[in-house]
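Here is the structure we will look at.
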Amino acid sequence: MRRIYFDHSATTPVLPEVVEAMLPCFTQYFGNASEPHLPGREAKKLLEASRETIARAIGAQPEEIMFTSGGTESDNLALKGVAEALSKKGNHIITSSIEHPAIGNTCKYLQRRGFEITYVPVDKYAIVDPDHVAAAITDRAILISIMHANNVVGSIQPIAEIGKIAREKGVIFHTDAVQSFGTLETDVGELNVDLMSISSHKLHGPKGVGALYIRKGTKLTPQMQGGEHERRRRAGTENVPGIVGFAKAVEIAMAETEEKAERLEKLRKYLVAGVLERIEEVSYNGHPEKRLPGNANFSFKYIEGESVVLQLDMVGIAVSSGSACASASLEPSHVLLAMGLTAEDAHGSLRVTMGRSNTKEEVDYFLEVLPEVVGKLRRMSPLYAQAR
């Protein structure tokens, strides 16, 4: 059966070049990077070279990069670390209503521990208004966390503008750039951020490794107790194979960012036009232009997005009904609800996210199959029958 992968926002396949770069770390350069002997020094050299590669990619200094197990740990460390470090200064944290669960649930955790959380609303395109962020800042505010690009509808936020406001007000600013890093420009200086979360497996690197950019001078309390790894900020033996793979994936992504974005944008526009032309009563969610180039999100009336996902899977097409970290709950997407969609329309959502390997031929096959799937499900739907 033909297999097409349209779920690159959930994860990406590891590139052969990345695997090749990692392999020597398992057998030849296997040492503990914290040890002073030769095997340890060899591993340390690879670790620091990788740190330099990733720092260079985001316009940071190597010592400002701290390796983690992924985006979720980076987000947790950013929020909990700042909250604990600055708890005597204030207890107010500002975020948006559309954040990834790694941010949203961490905010709920902090709220239960006495922190005040303000959730800034978004417009119908899932974009935050910087003026709303500015208006939310109080004299107790210690942290603002707004994602760079949304994982459900792909909308890109005005991070540089929000960062400028945060800096003027003396509030630490964090952005979750897990979805955007490797696809959009993510220079920390231009974005005006103090903290930025990134992850390897979203850009064809291995799972289980990520990083947190920590601007020099930013106060952060470590959240793991143990050894003095990562400049005493994150205990635990460094995952050198994963970090080397991450750096290789970043190196490849940086070399093709512009070309990849242009190609994916053309594919996305072709796919969106095809869906809207072939299927009635469907809406296109998110900003028409200010979005990740490979992201398309639709809502189909009268049917469940999860049913569409399962039907497409049966013909070899992998898509999603939302964030992979939340879709198992079968609850309507909090992102779509925050945008103003009804629960019914949110339940009917489908996310298609394309990557570097996808082709026009694959999109054509998707456009051939999707109308049949939607039609079949609507014929089975009581809601569709009532509307007729």
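So for the sequence shown, UniProt numbering puts the first residue at 1; every next one is plus one. Positions of the beta carbon are idealized from the N, C-alpha and C atoms, including for glycine.
Considering just the uninterrupted stretch of the alpha helix (DSSP H) at residue i, what are its terminal residues?
i: M22; result: 16-22
i: T72; result: 71-85
i: E52; result: 38-58
Measuring only from the beta carbon, is residue i closer than 6 Å to any heavy atom that is part of the ligand GTP?
i: E277; result: Ligands in the displayed structure: none, and consequently the ligand GTP is not present.
Classify residue i as buried or exposed, calling it buried when 16 or more other Cβ atoms lie within 10 Å of its own Cβ.
i: H37; result: exposed
i: residue 409; result: With the chain represented from 1 up to 388, any question about residue 409 goes unanswered, as that position is not in the structure.
i: A157; result: The displayed chain sequence assigns Gln, not Ala, to residue 157. Answer is buried; the Cβ neighbour count reaches 16.
i: F366; result: buried
i: F26; result: exposed
i: G375; result: exposed
i: residue 390; result: Nothing about residue 390 can be reported from this structure: the residues present for the chain run from 1 to 388 only.
i: L383; result: exposed
i: G236; result: exposed
i: A326; result: Note that A326 has pLDDT 49, beneath the 50 cutoff, so the model's placement of it is unreliable and the number below is only indicative. Classification for A326: buried.
i: S96; result: buried
i: N357; result: According to the sequence as given, residue 357 is Ser; it is not Asn. Its Cβ having fewer than 16 others within 10 Å, S357 is exposed.
i: P241; result: buried
i: V193; result: buried
i: S323; result: Residue placement at S323 is flagged as unreliable, the pLDDT there being 48, under the threshold of 50; a coordinate-derived value is accordingly withheld.
i: G227; result: exposed
i: M314; result: exposed
i: G348; result: buried
i: F6; result: buried
i: K108; result: exposed
i: V309; result: buried
Does residue i come out as helix, strand or coil in the three-state DSSP assignment?
i: N105; result: helix
i: D7; result: strand
i: A296; result: strand
i: P13; result: coil
i: R112; result: helix
i: F67; result: strand
i: R291; result: strand
i: T118; result: strand
i: A387; result: helix
i: P62; result: helix
i: T27; result: helix
i: P382; result: helix
i: H229; result: helix
i: P222; result: coil
At which residues does the beta strand (DSSP E) containing residue i begin and terminate?
i: S283; result: 282-285
i: I127; result: Taken as a continuous stretch (DSSP letters only), I127 belongs to no beta strand (DSSP E), as it is neither H nor E.
i: L212; result: 210-214
i: S96; result: 92-96
*Can you give, in chain order, each stretch of the alpha helix (DSSP H) that sits fully within the segment 133-207 and has at least 4 residues?*
Taking only runs of at least 4 residues, the alpha helix (DSSP H) segments lying wholly in the segment 133-207 are 159-169, 188-191.
*Going along the chain, which unbroken runs of the beta strand (DSSP E) with 3 or more residues stay wholly within the segment 305-379?*
If we require 3 residues or more, the beta strand (DSSP E) runs fully inside the segment 305-379 come out as 349-353.
*Does the segment 239-249 come close enough to the segment 196-212 to have 3 or more Cβ pairs within less than 8 Å?*
Contact holds: three or more Cβ-Cβ distances are below 8 Å.
*Inspect the CB distances between the segment 127-147 and the segment 181-189 and report whether three or more fall short of 8 Å.*
At 8 Å Cβ cutoff, the stretches do not touch.
*Ignoring anything shorter than 3 residues or poking outside the segment 231-286, list the beta strand (DSSP E) runs there in chain order.*
Scanning the segment 231-286 from its first residue to its last, the whole beta strand (DSSP E) runs of 3-plus residues come out as 282-285.
*Any contact of the segment 86-97 with the segment 138-147, i.e. 3+ C-beta pairs under 8 Å?*
Flag = yes, the segment 86-97 and the segment 138-147 touch.
_For the pair the segment 73-90 and the segment 167-174, tell me if three or more CB-CB distances fall below 8 Å._
Touching, per the Cβ criterion.
*Would you call the segment 331-351 and the segment 149-167 touching, i.e. three or more CB-CB distances under 8 Å?*
With a cut-off of 8 Å, the segment 149-167 and the segment 331-351 count as touching, because enough Cβ pairs lie within range.
*Is there contact here, the segment 257-272 with the segment 109-125, by at least three beta-carbon pairs under 8 Å?*
Judged by pairs of C-beta atoms under 8 Å, the segment 257-272 does not touch the segment 109-125, as fewer than three such pairs exist.
*Could you say if the segment 292-302 and the segment 271-279 meet the contact criterion of at least three C-beta pairs nearer than 8 Å?*
As far as the Cβ criterion goes, the segment 292-302 touches the segment 271-279, which means the pair count is three or higher.
*Stretch pair the segment 44-56 + the segment 276-291: three plus CB contacts closer than 8 Å*: No, the segment 44-56 is not in contact with the segment 276-291.
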